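Undergrad: Once you've had a glance at the structure underneath, I'll fire off some questions.
In this note's numbering, the protein residues as written are 10 to 94.
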């Protein structure tokens, strides 16, 4: 029902709707996991500072590989661009 209401909007293509759904799913999933980890840490008496250190390490790990993927994509794009010329 909600999808039919969204389809009638002007300027919205199928790709933007799909990417919007994906982004919303990823954000909500991350929030649910963060809340679950926090709840389990509180239940088992883990120190909050230690939990935040682990969270920072996890974020750095994910950002490193995301940045690596973006740089690899840019390199492939530059190689394709240079071959066309």
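Don't be surprised by glycine CBs; every beta carbon is placed ideally from N, CA and C.
Quantities reported herein were computed from a predicted structural model and do not represent experimental measurements.
Looking at residue 50: is its Cβ nearer than 8 Å to the Cβ of residue 60?
TA: Contact: yes.
Undergrad: Starting from the N-terminal side, write out each stretch of the alpha helix (DSSP H) that is 4 residues or longer and does not extend beyond the segment 16-74.
TA: List check, alpha helix (DSSP H) in window: 23-53.
Undergrad: So, at 8 Å on beta carbons, what are the nonlocal neighbours of residue 43 in its own chain, with the 5 sequence-adjacent residues on each side left out?
TA: The answer, listed in chain order, is 64.
Undergrad: Where does residue 93 sit, in a helix, a strand or coil, going by DSSP?
TA: DSSP places residue 93 in helix when its eight states are reduced to three.
Undergrad: Whole angstroms is fine: what's the gap from residue 68's alpha carbon to residue 62's?
TA: Each residue's Cα considered, the two are about 10 Å apart.
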